[in-house]
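*Asks:* One structure follows; several queries about it will come next.
In this note's numbering, the protein residues as written are 2 to 285.
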């Protein structure tokens, strides 16, 4: 019996050591759904070049990424927004020091069904639609149909950015919210699929998700400004009004395998993948 227990102890010890050894050669990345395709592209190319390393990438939203970083269940959080003050406080209580690394730029596309005749909107009109003040497409020169509002869920950095920049116009005193009837969807792909199948729908997502099944509208800052399409060139030159930086967050200054991966994302090869996935590189 003692011998069996000793054998079991050796087996468990060996398995634990094997896991620890594997863990030293792997990193977990979680967070922004906007960035998940980019993160996976980085991971695949990185592992091609570093065959002994393993990188796992999952989405769930920027808030999920920060929660995972704070709880120690991921090494890198992907985020389409800055870390919040309350998240920093919670992290510091757990001995975590969120370190921000800007890795790309993104334009948020506002999309409608290709059958919708509306193809351009001002920022004021977008705010009116998503708060519910504009409820029918005929108010915007479209068909007599009730507008179906699609948004990312509240845990999403894309949701937060759109609310602060479009609905609230960066006014800290504003309390504008999405219309009560807005459908909060769990991913950018879910919004893309719903817009593709619903003639009355309107939604938003990172422009890397644009496909022929949705029609991106051109956007103007105001009635006196020109309408601008969501494109890499227009995000880079600052003319597209709904654009933002994308970040990786680590616990303190990255080291070891985490640093190796972050350095890859900022390398020419990593930034080429930013461009290949329809985001805007921060480095040429």
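Every residue, glycine too, gets a C-beta built ideally from N, C-alpha and C.
#1: Relative to the C-alpha of residue 68, which residue among 54, 31, 49 and 232 is closest?
#2: Alpha carbon to alpha carbon, how far is residue 166 from residue 109?
#3: Between 155, 126 and 36, which has its C-alpha nearest residue 181's C-alpha?
#4: Label residue 16 either buried or exposed according to how many other C-beta atoms from any shown protein chain fall within 10 Å of its C-beta, with 16 as the threshold for buried.
#5: Output yes or no for whether 9 Å exceeds the beta carbon distance between residue 74 and residue 41.
#6: Helix, strand or coil for residue 180, going by three-state DSSP, please let me know.
#7: Can you check which of these residues, 247, 161 and 239, is closest to residue 222 by C-alpha distance?
#8: Measuring only between beta-carbons, confirm whether residue 117 sits less than 9 Å from chain D.
#9: Does the beta-carbon distance from residue 78 to residue 133 come in below 9 Å?
#10: Using only CA atoms, which one of 38, 56 and 63 lies nearest to residue 27?
#11: Taking the C-alpha atoms as reference points, what is the distance between residue 210 and residue 190?
#12: In the DSSP assignment, what are the bridge partners of residue 252?
#13: Among the residues of its own chain, which have a CB less than 8 Å from the CB of residue 48, if the five just before and after it don't count?
#14: Given that a residue counts as buried once 16 or more other Cβ atoms are within 10 Å of its Cβ, and exposed if not, what is residue 101?
#15: Measure the C-alpha to C-alpha separation of residue 267 and residue 247 and round it to an integer number of angstroms.
#16: Taking only runs that begin and end inside the region 71-123, name each unbroken alpha helix (DSSP H) of 4 or more residues, in chain order.
#17: Considering only residues of the same chain and omitting the five flanking positions on each side of residue 187, which have a CB-CB separation below 7 Å?
#18: Would residue 104 and residue 283 qualify as a contact pair, given that the criterion is a beta-carbon distance under 9 Å?
#19: Looking at the unbroken alpha helix (DSSP H) that takes in residue 189, where does it start and where does it end?
#20: Once the 5 residues before and after residue 168 are set aside, which same chain residues still bring their CB inside 8 Å of it?
#21: Using only alpha-carbon positions, find the residue among 115, 61, 124 and 66 that is nearest to residue 143.
#22: Over the uninterrupted beta strand (DSSP E) stretch that includes residue 29, give me the two end residues.
#23: Exposed or buried, what is residue 93 when buried is set at 16 or more other beta-carbons lying within 10 Å of its beta-carbon?
*Replies:* Looking at the coordinates:
#1: 31
#2: 11 Å
#3: 155
#4: Legend: pLDDT at residue 16 = 34, less than 50; position of this residue unreliable, no value from coordinates given.
#5: no
#6: coil
#7: 239
#8: The structure shown has no chain D; it contains just one protein chain.
#9: no
#10: 56
#11: 7 Å
#12: 99
#13: 54, 55 and 56
#14: exposed
#15: 12 Å
#16: Every alpha helix (DSSP H) stretch that sits fully inside the region 71-123 and reaches 4 residues is listed by chain position as 86-94.
#17: Only 154 meet the Cβ criterion.
#18: yes
#19: Its alpha helix (DSSP H) spans residues 189-198.
#20: 128, 131, 132, 175, 177, 178 and 179.
#21: 115
#22: 27-32
#23: exposed
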